[in-house]
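**Q** One structure, as structure tokens, below. Some questions next.
In the UniProt record's numbering, the protein residues as written are 1 to 558.
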């Protein structure tokens, strides 16, 4: 890349002449610095009290590790000659134990006033400040050129990937499709239940030997403060390295800071890729154990496919970040080889084996990085294999579903045919039943008509019988009138009443016949009249029913 190569050839931090300052302002884009500084202060600096981790090595050979606020930082920058080497670690808020996460936890524990002091006293170059304000973009590096008068100042940004224990699996799994496809964000791994979180560590090293025997480094660590041990690991490594210094000038050697940062970063990268590999193995084992006859696995495989694509996107970004880290390590190796003679003249490196030991340490780190890069390439190929296995499983599951669906469709068609035949049979039976019902209704209608005709005939017969009854009534009336008299006359005319010695003999006894005949005749007439009235009332009561019975069949025929 043209821009990083250009930046590596810049003067890293001495106070140049006005001529050199004009050239530096053009090369390092000081015109954009004010905008970038404002953006950096607004988004990443806190408005509260500064809390900087100070790690210094004084002239008597003691290592000092303490926090600095704004007041102590200002005092140190004014009277810093008592330390041969100092490193200022600027972190985000470090959460201890179960402490609540503050609202501004994503901001560095550095105020705007403190940042202004560091810019002026540590000679932070415009390119370095511009890179601080654009962390989401690939960051350049600034190492000294090969010119004879170049200073040993340098700065670089190290890309970091750290595996941390997942704090909320439900949220991280659910947000995979929304944010984790972007490699700038974290990646959740379901199998090992960890998150791989990316960040950067910015290092600015200032070596002063013209006006003071002192080195000063500023380290901006942008890692999440919830994982305190991870953030403090480079600090602990550098503090332990100072224990090997047998003299105060040795603490100024930048190799201690370089190796403390690089060794921590390489360990984090190795652990992250190991967790990445564990997740791929977990997916591969799950795919190999899948029951291809279970159609419900398509949904599970869809989630796996989404996760694999997220992992592939992150792995591509890992490749560019590891390539950038390899360039930084190569630059550190060239830097130590180029400035070894100057460091030896200043008493920082004393034995002839110092350069050999330093280059060996850097070569080991480079070898470790090479192995990590090869491992990343292997993981990229493994993702392709797992995706191919996933596609094969989905195809097999789909084939099984097609077979089962075909069998099910055949069963459905057979059932439909059987149901159609049953429906036809029911239709035929219904037709026969309808025909029988029609016949029954027709026969019923005929019977009703016959009953109506019979009722009419009966009515006519009743009318004729009523006519006959009038004659019979006349005969009965005459009979009732003459029957008592004739009956008593016949009785009195019997031989035992006609004897000459009988009481009834003689015409003068006719009154006896009259006495019997008149009451009997009246009694007969009374009975007849009573019976006639009773019959009349009965006929009047039965007449409507007879009329209805006769007229109903006629209405049905209409």
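Glycine included, every Cβ here is placed at the ideal spot set by N, Cα and C.
1) Beta strand (DSSP E) containing residue 155: first to last residue?
2) Going by CA-CA distance only, name the one from 315, 57 and 40 that's closest to residue 87.
3) Cβ of residue 279 within 7 Å of Cβ of residue 191?
4) Taking DSSP as the reference, what is the three-state secondary structure of residue 289?
5) Output the distance between the C-alpha atoms of residue 293 and residue 394, rounded to the nearest integer angstrom.
6) Under three-state DSSP, which class holds residue 448?
7) Mind checking who residue 56 pairs with in its DSSP beta bridge?
8) Mind listing, in chain order, the continuous alpha helix (DSSP H) runs of no fewer than 4 residues lying wholly within the stretch 239-316?
9) Starting from residue 199, trace the alpha helix (DSSP H) both ways and give me its first and last residue.
10) Comparing C-alpha positions only, which one of 478, 216 and 154 sits nearest to residue 76?
11) Counting Cβ pairs closer than 8 Å, one from the stretch 284-292 and one from the stretch 92-111, do we hit at least three?
12) Looking only at C-alpha atoms, which of 126, 116 and 140 sits nearest to residue 331?
13) Excluding sequence positions up to five away, which residues of its chain have a Cβ less than 7 Å from the Cβ of residue 339?
14) List the residues that DSSP assigns as beta-bridge partners of residue 221.
15) Does the beta-carbon of residue 367 have 16 or more other beta-carbons within 10 angstroms, so that it is buried, or is it exposed?
16) Label residue 227 either buried or exposed according to how many other C-beta atoms from any shown protein chain fall within 10 Å of its C-beta, with 16 as the threshold for buried.
17) Have a look at the DSSP bridge pairing and note the partners of residue 215.
18) What is the residue span of the alpha helix (DSSP H) that residue 188 lies within?
19) Use the C-beta contact count for residue 411: other C-beta atoms within 10 angstroms, 16 or more gives buried, fewer gives exposed.
20) Taking 8 Å as the threshold, find out whether the stretch 463-475 comes into contact with the stretch 516-524 through three or more Cβ pairs.
21) Please confirm whether residue 254 and residue 318 have their CB atoms less than 7 Å apart.
22) Below 8 Å, can you find three or more Cβ-Cβ pairs linking the stretch 121-130 to the stretch 32-41?
23) CA-CA distance, residue 43 and residue 107?
24) Consult DSSP for residue 538 and reduce its assignment to one of helix, strand or coil.
25) Write down the C-beta distance between residue 376 and residue 315 rounded to the nearest angstrom, noting that I regard them as a contact closer than 8 Å.
26) Give the C-beta separation of residue 55 and residue 348 to the nearest angstrom, bearing in mind that I take them to be a contact with Cβ-Cβ under 8 Å.
27) Can you say whether residue 432 is buried or exposed, counting buried as having 16 or more other CB atoms within 10 angstroms of its CB?
28) If I measure Cβ to Cβ from residue 143 and keep anything under 6 Å in the same chain, skipping five residues before and after, which residues do I get?
29) Is DSSP giving residue 406 helix, strand or coil here?
30) Which of the three DSSP states, helix, strand or coil, is assigned to residue 142?
31) With a threshold of 16 other CB atoms inside 10 Å of the CB of residue 199, please say whether the residue is buried or exposed.
32) Give the DSSP-derived three-state secondary structure of residue 237 in the structure shown.
33) Taking DSSP's pairing of strands, which residues face residue 119 in a bridge?
**A** From the atom records:
1) Here residue 155 refers to the residue found at position 155 when the chain shown is read from its first residue. Note, residue 155: beta strand (DSSP E), 154-165.
2) Against the chain shown, residue 87 aligns to sequence position 87. Ranking the options by Cα distance to residue 87, first place goes to 57.
3) Numbered from its first residue, the chain shown carries residue 279 at position 279. Numbered from its first residue, the chain shown carries residue 191 at position 191. It is a contact, given that the beta carbons lie within the stated cut-off.
4) The residue you call residue 289 lines up with position 289 of the chain shown. DSSP places residue 289 in coil when its eight states are reduced to three.
5) Taking the first residue of the chain shown as position 1, residue 293 is located at position 293. Taking the first residue of the chain shown as position 1, residue 394 is located at position 394. Cα to Cα, the separation comes out at about 11 Å.
6) Mapped onto the chain shown, residue 448 falls at position 448. Reduced to three states, the DSSP call for residue 448 is helix.
7) Here residue 56 refers to the residue found at position 56 of the chain shown. In the DSSP output, where bridge partners are listed per residue, residue 56 has 64 and 86.
8) 255-288
9) Start at 1 with the first residue of the chain shown, and residue 199 comes out as number 199. Counting along the chain, residue 199 falls outside any alpha helix (DSSP H), though it belongs to the beta strand (DSSP E) covering 194-208.
10) For the purposes of this step, residue 76 is taken as the residue at position 76 of the chain shown. Nearest option by C-alpha distance: 216.
11) no
12) Reading the chain shown from its first residue, position 331 is the one you call residue 331. Out of 126, 116 and 140, 140 has the C-alpha closest to the C-alpha of residue 331.
13) Translated into the one-based positions of the chain shown, residue 339 becomes position 339. Counting only Cβ-Cβ distances below 7 Å, and skipping sequence neighbours, we find 152.
14) The sequence position of residue 221 within the chain shown is 221, counting from 1. DSSP output for residue 221 lists 201 as bridge partner(s).
15) The residue given as residue 367 occupies position 367 in the chain shown. Exposed, by the Cβ-count rule.
16) Taking the chain shown and counting its residues from 1, one reaches residue 227 at position 227. By the neighbour-count rule (16 or more Cβ atoms within 10 Å), residue 227 is buried.
17) Counted from its first residue, the chain shown places residue 215 at position 215. Partner(s): 85 and 207.
18) As a position in the chain shown, residue 188 is number 188, starting the count at 1. Run containing residue 188: none in the alpha helix (DSSP H); it sits in the beta strand (DSSP E), 187-189.
19) Looking up residue 411 in the chain shown gives position 411. It is exposed - the Cβ of residue 411 has fewer than 16 other Cβ atoms within 10 Å.
20) no
21) As a first step, residue 254 must be located in the chain shown, where it is residue number 254. As a first step, residue 318 must be located in the chain shown, where it is residue number 318. No. Outside cutoff.
22) yes
23) Working through the chain shown from its first residue, we reach residue 43 at position 43. Working through the chain shown from its first residue, we reach residue 107 at position 107. Rounded to the nearest angstrom, the two C-alpha atoms are 7 Å apart.
24) The residue given as residue 538 occupies position 538 in the chain shown. The answer is helix: DSSP assigns residue 538 an H, G or I state.
25) As a working note, residue 376 is residue 376 in the chain shown. As a working note, residue 315 is residue 315 in the chain shown. About 7 Å; that satisfies the 8 Å criterion.
26) Within the chain shown, the letter at position 55 stands for residue 55. Within the chain shown, the letter at position 348 stands for residue 348. That belief does not hold up - the Cβ atoms of residue 55 and residue 348 are roughly 18 Å apart, past 8 Å.
27) The residue labelled residue 432 in the question sits at position 432 within the chain shown. The residue in question, residue 432, is exposed, as its Cβ has fewer than 16 Cβ neighbours within 10 Å.
28) The sequence position of residue 143 within the chain shown is 143, counting from 1. Closer than 6 Å at the Cβ level, and outside the excluded window around residue 143, lie 8, 154, 331 and 335.
29) The residue labelled residue 406 in the question sits at position 406 within the chain shown. Looking at residue 406 - three-state DSSP - the assignment turns out to be helix.
30) Start at 1 with the first residue of the chain shown, and residue 142 comes out as number 142. DSSP places residue 142 in strand when its eight states are reduced to three.
31) For the purposes of this step, residue 199 is identified with residue 199 of the chain shown, where counting begins at 1. Buried is the call here.
32) Position 237 of the chain shown, counting from 1, holds the residue named residue 237. Three-state DSSP puts residue 237 in a helix.
33) To locate residue 119, count along the chain shown from 1; it is residue 119. According to DSSP, residue 119 bridges with nothing at all.
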